Amino acid sequence: VQKTGRVVPSDTKPELPGQETLTRRERLELYVLALLVQENPVVKLQNLTAVVRVDEFLYPAVQKVLERLVSWCAAHASYEPKEFANALAKELLPVFDEAFLWDISDILLDASRFDREWKKTLLELRKLTVREKMNRLVSTMQDENASATDISSLEETLKALTLERAAIEKER
């Protein structure tokens, strides 16, 4: 994290061989995973799932690692990164390794700083999630095949999402 207050650095790290450039959303999701796997995920997973459901993650590899992490924490009393990594499927190891090796040592040294960063990152992820839902709704509403009933229902959902987005902006 840069000192400018941005949640995710704008400059991307070297990509894995054969990997395409990650979107801002994917980098943010990977950063959430980094914060989780380098800290105690047992407690933080509850915070995460209260803000964004695991199935709302768009980066498939991060979503799968998170699903396995949720299962792991439910089945194990403690979290040991090496044991968790050994239990992961081989194709998920590069994403886990990238998250685990993300340099957040300066944040980990100060518990209050970590908590602030965690909350700020979750808020940003929630904001992106709501914005993307709103964009999908608007696209659906503009579809020529949408009936008046569908559009009315979609408008109500859009109104609720707009209120949620305003509440998120107030939290900042």
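Plus 7 on top of the position in the sequence shown (first one is 1) and you've got this note's numbering.
Note that beta-carbon positions come from the ideal geometry of N, C-alpha and C, so glycine has one too.
Computed from a predicted structure; not experimentally measured.
- In the three-state reduction of the DSSP assignment, S154 falls in the coil class.
- Sixteen is the threshold: when 16 or more other Cβ atoms of the shown chains lie within 10 Å of the Cβ of L43, as they do, the residue is buried.
- In this structure, T128 keeps its C-beta atom at 8 angstroms or more from the C-beta atom of V59.
- By the Cβ-count criterion, P48 is buried, with 16 or more other Cβ atoms from all chains shown falling within 10 Å of its own Cβ.
- When rounded, the separation of the alpha-carbon atoms in E124 and L170 is 24 angstroms.
- Secondary structure at R60: coil, using DSSP grouped into helix, strand and coil.
- Within the same chain, and ignoring the five residues on either side of E74 in sequence, the residues whose Cβ sits closer than 8 angstroms to its Cβ are V61.
- Within its own chain, the residues whose Cβ lies closer than 8 angstroms to the Cβ of T136, once the five positions on either side in sequence are excluded, are V59 and E63, listed in chain order.
- Of the candidates V145, E162 and E131, the residue whose Cα lies closest to the Cα of E178 is E131.
- For a cut-off of 8 angstroms, the C-beta gap from F121 to E46 is around 7 angstroms, short enough to register as a contact.
- In the three-state DSSP reduction, Y38 falls in the helix class (H, G or I).
- Taking all protein chains shown into account, A41 has 16 or more neighbouring C-beta atoms within 10 Å of its C-beta and is therefore buried.
- By the neighbour-count criterion, in which a residue is buried when 16 or more other Cβ atoms sit within 10 angstroms of its Cβ, R143 is exposed.
- Sequence-distant partners of Y66 (beyond 5 residues in either direction) whose C-beta falls short of 6 angstroms from its own C-beta, in its chain, are E33 and E36.
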